[in-house]
Amino acid sequence: MKNESIVLRNGTLIDGTGGPPIPDVTIEIVNGRFRAITQQEISSRIKNENVQEIDLSGLTILPGFIHAHAHTGFKWLQGQPLHGYHKEYLSACLREGITTVRDEGMTTDATIDDVILHTNQLDSLVYPRVLTSGKVFTAPGGYGGQAPIGVASVEEAGIKVREVLSQGVHFIKTALEDGYDPSTFGLPKLNQELLQAICQEAAKNGAHVSAHVTSSRNLQIVVDAGINDAAHMVYDRLDDGLIRQMVEQNIRIVPTLTVLQMFQDKFGAPLLQQGLDNVRRFVLAGGEIGFGDDFVEEESPWYRLGMPWEEIRLLGEAGLTPMQIIVAATSTGAKIGNVSHELGTIETGKRADLFIIEGDPLSDIGNLQNVRLVMKAGHIVFSRI
C-alpha cells in the first residue's frame, strides 16, 4: 500500500520553537506525520508515492495552536447543564487553527466515564483533539463544580488519582481556593499533605497536575506540593521568590488574563493591572506561559467561539511579542499538555498539526485571523486554497 503524502512548498515556516522564520520551505507529510522539513528539493523522495502538492507562496505556516485552558463540555451553558461537548465552540476552534484544546474540568454531575465516552466519539476531522481532566480534585465539599472528587486521606488521594487515569483522563486538575464570590467563600480546602499525595501519584503514572489558584499564598502551597502548571495568574502580586522557584522547577502558568479583564469590566474589580505586571515579570524572569482564556460560554466582548482574541490582545499588553505569544500557543502549550513529544512544533516525526495564514503574524499578530488552511494529524480539515 502506497503512503499518503502531502507536500507543502514555498511557504514561510514559523516552527513553534521561537527560532526565526524559515522562508521558501518544503514540508513533506506522510501518514499524518512530518517526514521532511527542508529548503532543498525533495521530489526524488516522493516520486513513487501518492502525493498531493500545495503551493504556499506568500503564505505563513504555523503549528496548530494548543488552547491550554477551556471548559468545553459537561458544564453549565446559559443556565442549563450540558451533557456532552460544546461542539459549536470546538468546531470554531479547529477552523481558526486551534487543533488541541485542554479541558480544565467539568462542572456538572456527569461521570468520568461519560466524559471519556464523549471525548472518544468526537469526530477528529471536525473538532480539535481534547485533553480532559474530568473532575476536579478537592477537599470533600470543596471548590470544583457540582460533583468534584473529594479526598480526605493520602491513601484515598492515591486511589482516586489511579482510578481516573485508568479511566482515560489526560491529566489531573486540583484546586486551592479561598473564595472570590459568596458561593465560594469558606469552602473546605486540601492541605499540603493531600496536595502532595495527588501530585506524587500523578507523577508516578506519568500524568501532569494543573492547579486552580487565585492567590499567591495558595500558589506557593501548590508549587511546594509539586504541580506542573497553574491554571490562572494569581489576582494579587506574584512574589519574586516564587517566580524564581517556578522557573527553576519548570512550573508554567496559563494566565487567563481575559478573566481579569471581565471581572474589571463587569464588577469593577481592579485586578487586571496586577495580572499584567505578574505576567510581565514572570516572562522576563524566564517563566513559560501557556495560551488559554478559561472559556465557558460565548460572552461578548470577552469570550467568543474559536480563537481567544481578547487573550491575545492582553498578552500583548503584558509585553509579549507576537513570537512569544505564538510560542505560548504551540511549544509551551505542548509542554503544559504533556504532549510535546507529539505536538507543539513543526519537526520531523511529530504529528502534522498546522495552520496556514495569509500575512506575517510577527509584524501583525492580527494576521492569525487570515486562515487559509488547517491540518490536523495530516488531514486537511479546512481549506481556502
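Mapped onto our numbering, the consecutive letters of the sequence shown carry residue numbers 20 to 404. Note that beta-carbon positions come from the ideal geometry of N, C-alpha and C, so glycine has one too.
Should residue i and residue j be called a contact, given that it needs their Cβ atoms to be closer than 8 Å?
i: serine 350; j: glycine 35; result: yes
i: glutamine 280; j: tryptophan 321; result: yes
i: phenylalanine 374; j: glycine 37; result: no
i: glycine 30; j: leucine 78; result: yes
i: cysteine 112; j: proline 147; result: yes
i: lysine 395; j: serine 143; result: yes
i: threonine 233; j: leucine 214; result: no
i: alanine 87; j: glycine 306; result: no
i: glycine 294; j: leucine 276; result: yes
i: isoleucine 246; j: valine 266; result: no
i: aspartate 122; j: serine 152; result: yes
i: alanine 230; j: phenylalanine 190; result: no
i: alanine 371; j: glycine 51; result: yes
i: valine 70; j: glutamine 58; result: no
i: isoleucine 344; j: leucine 333; result: no
Who are the Cβ neighbours of residue i in its own chain at under 7 Å, not counting the five residues just before and after it?
i: serine 198; result: Note that residue 198 corresponds to glycine in the displayed sequence, not to serine. Within the same chain, glycine 198 has close Cβ partners Phe204, Gly205 and Leu206.
i: alanine 158; result: Gly169, Pro207, Lys208 and Leu209
i: glutamate 212; result: Val173
i: leucine 290; result: Tyr254, Leu279, Phe282 and Gln283
i: glutamate 72; result: Val26 and Arg28
i: serine 63; result: Confidence is the limiting factor: at serine 63 the pLDDT is only 46, short of 50, which leaves the residue's position unreliable and the question unanswerable from this model.
i: methionine 342; result: Gly37 and Leu381
i: alanine 304; result: Ile262, Arg263 and Val266
i: serine 324; result: Strictly speaking, residue 324 in this sequence is leucine, with serine absent from that position. The answer, listed in chain order, is Glu107, Tyr108, Ala111 and Glu317.
i: isoleucine 404; result: Ile73, Arg391 and Leu392
Check the C-beta distance from residue i over to residue j and give it rounded, since I have them as a contact under 8 Å.
i: leucine 81; j: isoleucine 33; result: 5 Å
i: phenylalanine 314; j: alanine 89; result: 4 Å
i: isoleucine 376; j: leucine 387; result: 6 Å
i: valine 155; j: threonine 138; result: The Cβ separation is near 17 Å, so there is no contact.
i: arginine 271; j: aspartate 243; result: Not really, about 16 Å apart at Cβ, beyond 8 Å.
i: isoleucine 217; j: glutamine 186; result: That belief does not hold up - the Cβ atoms of isoleucine 217 and glutamine 186 are roughly 16 Å apart, past 8 Å.
i: isoleucine 25; j: glycine 397; result: 7 Å
i: phenylalanine 310; j: alanine 348; result: 4 Å
i: isoleucine 85; j: glycine 356; result: 6 Å
i: valine 273; j: isoleucine 240; result: Not quite, the Cβ-Cβ distance comes to about 18 Å (not below 8 Å), so this is no contact.
Along the beta strand (DSSP E) that carries residue i, what are the first and last residues, could you check?
i: arginine 391; result: 390-395
i: arginine 52; result: 52-57
i: valine 30; result: What sits at residue 30 in the sequence shown is glycine, not valine. Glycine 30 -> beta strand (DSSP E) spans 23-32.
i: asparagine 69; result: 69-74
i: alanine 230; result: 228-231
i: valine 443; result: What is shown of the chain runs 20 to 404, which leaves residue 443 out entirely.
i: phenylalanine 374; result: 373-377
i: glutamate 47; result: 41-49
i: isoleucine 246; result: Looking at the DSSP string, isoleucine 246 is not in any beta strand (DSSP E), and its letter there is neither H nor E.
i: isoleucine 191; result: 191-194
Using a Cβ-Cβ cut-off of 8 Å (strictly less than) and excluding sequence neighbours within five positions of residue i, which residues of its own chain qualify?
i: histidine 105; result: Thr91, Gly92, Lys94, Leu96 and Glu316
i: threonine 224; result: First, the residue type needs correcting, since residue 224 is asparagine and not threonine in the sequence shown. Only Val180, Arg181 and Leu184 meet the Cβ criterion.
i: serine 235; result: Val253, Asp255, Arg256, Leu257, Asp258 and Leu261
i: glutamine 268; result: Val242
i: isoleucine 399; result: Ile25, Leu392 and Val393
i: asparagine 389; result: Ile376, Glu377 and Gly378
i: aspartate 133; result: Phe93 and His102
Span of the alpha helix (DSSP H) holding residue i?
i: histidine 137; result: 131-139
i: glutamate 330; result: 328-336
i: proline 341; result: 341-348
i: leucine 113; result: 106-114
i: threonine 127; result: Careful: threonine 127 lies outside any alpha helix (DSSP H) and carries neither H nor E.
i: leucine 184; result: 173-186
i: phenylalanine 301; result: 291-303
i: phenylalanine 282; result: 276-286
i: alanine 216; result: 211-223
Assign residue i to buried or exposed, taking buried as 16 or more other Cβ atoms, counted over all protein chains shown, within 10 Å of its Cβ.
i: alanine 288; result: exposed
i: aspartate 383; result: exposed
i: glutamate 47; result: buried
i: glutamate 330; result: buried
i: glutamate 405; result: Lying before the first or after the last residue shown, residue 405 is absent from the chain, which here runs from 20 to 404.
i: asparagine 237; result: buried
i: isoleucine 178; result: exposed
i: glutamate 366; result: exposed
i: asparagine 297; result: buried
i: proline 39; result: exposed
i: proline 42; result: exposed
i: proline 201; result: exposed
i: valine 74; result: A small fix is needed here, since residue 74 is aspartate in this sequence, not valine. Flag for aspartate 74 reads exposed.
i: alanine 129; result: buried
i: threonine 119; result: buried
i: aspartate 98; result: Per the sequence presented here, residue 98 reads as glycine, with aspartate not at that position. That one is exposed.
Which residues in the same chain as residue i place their Cβ atom closer than 6 Å to its Cβ, once the five residues preceding and following it in sequence are excluded?
i: phenylalanine 301; result: Ile262
i: lysine 285; result: none
i: threonine 127; result: Phe93, Pro100 and Gln165
i: threonine 364; result: Asp34, Gly35, Thr36, Pro82 and Ser350
i: glycine 385; result: none
Looking at the C-beta of residue i, does it have a partner C-beta in chain C at a distance below 8 Å?
i: alanine 348; result: Going by chain labels, chain C is absent from the structure shown, which holds only one protein chain.
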